[in-house]
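All residue numbers for the sequence shown refer to UniProt numbering, where the first residue is 1 and numbers rise by one.
By construction, the Cβ of each residue, glycine as well, lies at the ideal position given by its N, Cα and C atoms.
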Amino acid sequence: MPEEDFGYVRHIQEVANAVVVLPDYRLSTEAPYPAALDEAYLALKWLHDNATDLGVNTNQLFVAGESAGGGLTAALSLYARDKGAIKIAFQMPLYPMLDDRPTETSADNDAPVWNMEANRVAWQMYLGELSGTDDVPPYAAPARATTYDKMPPTYTFIGTIEPFYAETMAYIKHLQDAGVNAHVDVYEGAFRGFDLIAAKKPISKRATEGWQAAFKDASERYFTE
1 MPEEDFGYVR HIQEVANAVV VLPDYRLSTE APYPAALDEA YLALKWLHDN ATDLGVNTNQ
61 LFVAGESAGG GLTAALSLYA RDKGAIKIAF QMPLYPMLDD RPTETSADND APVWNMEANR
121 VAWQMYLGEL SGTDDVPPYA APARATTYDK MPPTYTFIGT IEPFYAETMA YIKHLQDAGV
181 NAHVDVYEGA FRGFDLIAAK KPISKRATEG WQAAFKDASE RYFTE
């Protein structure tokens with residue numbers, strides 16, 4: 001998980017006995033793709049290589065993040081799958097930023113917090129010279145992936161009015177079609193980050209309890225070979 005997500009860490013520790021590592025990767029304001037992915041993978045490799053000292057089971061490595069961090073989570077899972085050296089047992093990319101191309105819900109989106117313009121600028125900064133070209137790899141924008149088999153079991157949730165809604169639903173369907181155990185909870189009328197911005201609202205509590213339950217279930221069920 002990105003280092004700013006301390007609230008998520010607390011919620012994880014409420015439901016699972018987990019060692020949580022927060023990678024201090026560079027943001028797009030410092031360095032565009034592939035810096036964040038490279039550094040996230042280095043953090044994953046460090047966790048894997050130091051698992052014994054940390055009390056971590058290498059057959060049960062999970063990755064998670066939200067929004068841009070959710071997109072990085074999906075990218076890291078794809079990258080790790082293709083490299084084959086480290087296996088991820090479960091991924092939780094919450095309301096993930098997956099597709100640099102306009103979608104049904106990102107084009108002309110005027111939702112609060114995150115809208116079409118914010119999305120455009122964020123992708124432009126993240127992709128750098130790749131922005132607007134056909135050379136964007138799936139490790140940068142996971143929605144561009146063409147194969148989804150052998151991806152880890154996946155949980156996410158998404159609000160219906162945020163730009164990432166269509167790409168998240170498509171991503172989960174691609175995973176399911178490839179035989180991956182993937183689930184999305186949908187929250188009607190919710191905007192990006194509603195669970196953090198309005199944490200005390202009933203809808204936010206439901207979302208938090210939903211992903212906590214999914215994480216707890218994953219910690220009891222999912223192991224790599």
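Requested in this report: Could you tell me the distance, in whole angstroms, from the CA atom of residue 271 to the CA atom of Ala51?
Outcome: The question about residue 271 has no answer, for the chain in this structure spans 1 to 225.
**Report entry** Length of the line joining the Cα atoms of Thr29 and Met125
**Finding:** 7 Å
Query raised in the report: Hey, out of Ala75, Val113, Ala198, Val9, whose CA is closest to Glu39's CA?
Result: Ala75
Query - For Lys83 and Glu152, the rounded distance between their alpha carbons - result: Reading off the sequence shown, one finds Pro at residue 152, where the question assumed Glu. Their backbone Cα atoms lie some 14 Å apart in a straight line.
Report task. On a CA-only basis, which of Ala182, Phe164, Pro137 is nearest Tyr150? Give me that one, please. Result -> First, the amino acid is wrong: residue 150 is Lys here, not Tyr. For the residues Ala182, Phe164, Pro137, the minimum Cα distance to Lys150 belongs to Ala182.
**Report entry** Minimum C-alpha distance to Thr105 - residue among Gly159, Glu209, Ser219
**Finding:** Residue Gly159 is the option with its Cα nearest to Thr105.
Query raised in the report: Taking the alpha carbon of Gly70 as the point to measure from, which residue in Tyr41, Asn57, Tyr25, Pro96 has its own alpha carbon closest?
Result: Pro96
Requested in this report: Could you please give me the residues that DSSP links to Met92 through a beta bridge?
Outcome: Ala64
Requested in this report: Note down, in chain order, each residue of its chain lying with its Cβ closer than 7 Å to the Cβ of Ser81, except the 5 sequence neighbours on either side.
Outcome: It is Arg, not Ser, that sits at residue 81 in the sequence shown. Closer than 7 Å at the Cβ level, and outside the excluded window around Arg81, lie Lys150, Met151.
**Report entry** Member of Pro112, Leu98, Arg120, Phe157 whose CA lies at the smallest distance from the CA of Thr73
**Finding:** Leu98
Query raised in the report: Applying the criterion that 16 or more other CB atoms from any shown protein chain within 10 Å of the CB defines a buried residue, is Phe62 buried or exposed?
Result: buried
Query - Pair within 8 Å by beta-carbon distance, Val184 and Thr156 - result: Closer than 8 Å, so yes.
Query raised in the report: Can you round the beta-carbon distance between Thr103 and Glu167 to whole angstroms, since I take them to be within the 8 Å contact cut?
Result: 5 Å
Report task. Please name the residue or residues paired with Tyr139 in a DSSP beta bridge. Result -> According to DSSP, which records beta bridges pairwise, Tyr139 is partnered with nothing at all.
Query - CB contact check: Lys200 to chain D, cutoff 8 Å - result: Structure shown: chain D not included; a single protein chain is present.
**Report entry** Lys201 versus Gly193: straight-line alpha-carbon distance, rounded
**Finding:** 12 Å
Query raised in the report: How should Phe90 be labelled, buried or exposed, when 16 other C-beta atoms within 10 angstroms of its C-beta is the threshold for buried?
Result: buried
Query raised in the report: So, is Asn57 buried or exposed, given that buried needs 16 or more other C-beta atoms within 10 angstroms?
Result: exposed
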